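Report on one structure; see the data block that follows.
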Amino acid sequence: MNRHTCLMLFLLLSITAAVLLGCDSPGRGRPPKADAVSVLIPTKGNTAAGVVTFSRAKGGVRVVAEVTGLSTGAHAIHIHEFGDCRSSDGSSAGEHFNPDNQPHGAPDAQERHVGDLGNLQADKNGAASLDIIDPLLALEGEHSIIGRSVVVHAQEDDFTTQPHGAAGGRLACGTIGLARQ
Ligand SMILES: [Cu+2]
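In numbering that gives the first Met the number 0, the protein residues as written are 0 to 180.
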């Protein structure tokens, strides 16, 4: 076999190996390509910031959040009704996204707001991550979260107090928009 043929064969084998090994497919545990994204911006006087991605998944929408600048402990995270983070305290984002007019609850409760995503757990460095598949969120239709917002709160969501779960002030707000693929 001449040098040229040998080189071609090598390239062909390399490409075949790459395809077989799944170099182009997302690995387990790796966040999928996002369909929507929210960049969390701290409200006035706060340091919480991060990124939340949303992608279609079997059984709902996969939510992957990475947030920093929190105090150690639990912080409520919700989808709020307006994608409007203009106000310095996050109040322009409105109430929890609740298209079915349900009471506030835990993410796994029978009755809950669509926007009730539960709590982030911040470590000793103030960093928190979340990776869940939510059955009620959608990226189109009545439950679509596009154009709404993600809000992270000062306190833990107790899942009981109506209608906000006693989650306290708003530390960060981010509009949910289409992600660049
Ligand atoms: Cu909230």
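Glycine included, C-beta positions come from ideal geometry on N, C-alpha and C.
Remember, predicted model here, so these are calculated numbers, not experimental data.
| Query | Result |
| --- | --- |
| Would you mind sorting Pro106 into buried or exposed? The rule is 16 or more other CB atoms within 10 Å of its CB. | buried |
| CA-CA distance, Ala47 and His79? | 17 Å |
| Which runs of the beta strand (DSSP E) at least 3 residues long sit entirely within the stretch 40-89? Give them in chain order. | 48-56, 59-67 and 72-79 |
| To which residues of the same chain is His142 closer than 7 Å at the C-beta, ignoring the five residues directly before and after it? | Pro98, Val113, Leu135 and Leu136 |
| Check the DSSP bridge columns for Ile131 and list the partner residues they point to. | Val62 |
| Per DSSP, what kind of secondary structure is Ala92 in: helix, strand or coil? | helix |
| Going by other Cβ atoms of all chains shown within 10 Å of its Cβ, with 16 needed for buried, is Ile76 buried or exposed? | buried |
| Leu119 lies in the beta strand (DSSP E); which residues open and close that run? | Asp115 to Ala121 |
| Around ligand 1, which residues pass a check of Cβ closer than 5 Å to any of its heavy atoms? | His77 and Val150 |
| Rounded to whole angstroms, what is the Cα-Cα separation between Lys201 and Val149? | The question about residue 201 has no answer here: the residues shown for the chain are numbered 0 through 180. |
| Return the chain-ordered list of same chain residues with a C-beta closer than 6 Å to the C-beta of Leu129, the five sequence neighbours on each side being excluded. | Ala64 and Leu119 |
| Would you decide whether Leu177 is buried or exposed? Buried here means 16 or more other CB atoms lie within 10 Å of its CB. | exposed |
| Is DSSP giving Ile145 helix, strand or coil here? | coil |
| Applying the criterion that 16 or more other CB atoms from any shown protein chain within 10 Å of the CB defines a buried residue, is Ile132 buried or exposed? | exposed |
| Where does His152 fall in DSSP's three states? | strand |
| Between Ser87 and the rest of its own chain, which residues show a CB-CB distance below 8 Å, the 5 nearest in sequence each way excluded? | Thr42 and Lys43 |
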